[in-house]
Amino acid sequence: MSTDSPTVHRSWAPARLLLASLAGVLLLGVSGCAASEEHRPTVVVTTNILGDITRNVVGDEAEVTVLMRAGADPHSFGVSAPQAASIERADLVVHNGLGLEENVLRHVEAAEDAGTPTLAVGEAVGPITYTAGESADEPDPHFWTDPERVRKAVGLIADEVTEHVGGIDQAVVEKNASAYGAQITELTAWMRSEFDEIPAGQRQLVTNHHVFGYLARRFGFRIVGAVIPSGTTLASPSASDLESLATAVETAGVKAIFADSSQPDRLAQVLKREIDLDIDVVPLFSESLTAKGEGAATYLQMMRANTTSIATGLGAE
Ligand SMILES: [Zn+2]
623 MSTDSPTVHR
633 SWAPARLLLA
643 SLAGVLLLGV
653 SGCAASEEHR
663 PTVVVTTNIL
673 GDITRNVVGD
683 EAEVTVLMRA
693 GADPHSFGVS
703 APQAASIERA
713 DLVVHNGLGL
723 EENVLRHVEA
733 AEDAGTPTLA
743 VGEAVGPITY
753 TAGESADEPD
763 PHFWTDPERV
773 RKAVGLIADE
783 VTEHVGGIDQ
793 AVVEKNASAY
803 GAQITELTAW
813 MRSEFDEIPA
823 GQRQLVTNHH
833 VFGYLARRFG
843 FRIVGAVIPS
853 GTTLASPSAS
863 DLESLATAVE
873 TAGVKAIFAD
883 SSQPDRLAQV
893 LKREIDLDID
903 VVPLFSESLT
913 AKGEGAATYL
923 QMMRANTTSI
933 ATGLGAE
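Numbering (the working numbering), first residue to last: 623 to 939.
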């Protein structure tokens, strides 16, 4: 055996040399392409709404990778193997939390276990619970419908970025955050003035699923019900759910039902037929940004479009 061992070691030597020179070639290749890109810090964000918010904070200081594509459903989107690997390699992972991204949570948790810093934005901005439906008393993840909470989120994301992402200009990130925060403050004031035009007694919402609880609380709307009486799009309504919603809608004299534009509004249409009332079904961008040119490519654009649709749908002058 003692004579075999050196042979074994010697037989490895050429392979190791080859690997070493291969690595050298690879390194040369990388540095040859773009030396400044070598250690570009990366922030990985799960949803596209948080992706836009994070990009506004980070600017050009780091790479921001968004996992959820435009128009996807945050409750059901999944990630590819390369995306899952990118989560673990990130300098910081920004996610919504509160049970929103059901198929991505285990990857975020794995990254966390591996020591990657993560920020669950929804959990950090003062979550509320659902007040009705089958998700009653569970935390509501749809915090972005309240722009004031998003303004708070902007500050939190900036703090995490400056703490965990190396090689960035912290002053630039802080400046970005304060400029974007100011735009959101302006948005909130504008939304309030638009909603003030809705006749008293019409500030009530019926939506596809329970997605506007935060907006309702911030701006004083009553939630009459949801077509899917749940906090997730993954549930579906029973006949008796539809019936009781129909009764509630009739009793409250609701003028419009708001359906998510990223999903077929088939359910809302069914309800409209069932209660035999002249009710508009108005599409809203409730939980995903769209591609450019499709009405809600940014968070600010999405909120402005929804505000106009809600105000008009409920009879604002
Ligand atoms: Zn939702």
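All C-beta atoms in this analysis are idealised placements derived from N, C-alpha and C, irrespective of residue type, glycine included.
- Membership of A703 in any beta strand (DSSP E) is not indicated; the residue belongs instead to the alpha helix (DSSP H) covering 703 to 711.
- Straight-line measurement puts the Cα of I675 at about 10 Å from the Cα of G803.
- R844 is bridged by DSSP to Q826.
- Under the three-state reduction of DSSP output, T912 falls in the coil class, being neither helix nor strand.
- Looking at the backbone, the Cα of M925 and that of G788 are separated by about 32 Å.
- In this structure, the beta-carbon distance from D768 to Y752 does not fall below 8 Å.
- Set against 7 Å, the gap from the CB of E760 to the closest heavy atom of ligand 1 is not smaller.
- Nearest to L936 by C-alpha distance, out of T829, P859, E770, V701, is T829.
- P821 carries a coil assignment under DSSP once its states are collapsed to helix, strand and coil.
- With 5 Å as the limit, the residues whose C-beta approaches any heavy atom of ligand 1 more closely are V833, E909, in sequence along the chain.
- By the Cβ-count criterion, P821 is exposed, with fewer than 16 other Cβ atoms from all chains shown falling within 10 Å of its own Cβ.
- Between G748 and G719, the CB-CB gap reaches or exceeds 8 Å.
- DSSP links I879 through a beta bridge to V903.
- Around the beta carbon of E909, 16 or more other beta carbons sit within 10 angstroms, so the residue counts as buried.
- Straight-line spacing of the CA atoms in G700 and V833 works out to 20 Å.
- With fewer than three CB-CB distances shorter than 8 Å, the region 810 to 826 does not count as touching the region 720 to 736.
- Excluding sequence positions up to five before and after K774, its CB lies within less than 6 Å of the CB of V747, all in the same chain and listed in chain order.
- The beta carbons of A706 and H729 sit closer together than 8 Å.
- Approximately 19 Å separates the beta-carbon atoms of N670 and N798; this is outside 8 Å, ruling out the contact.
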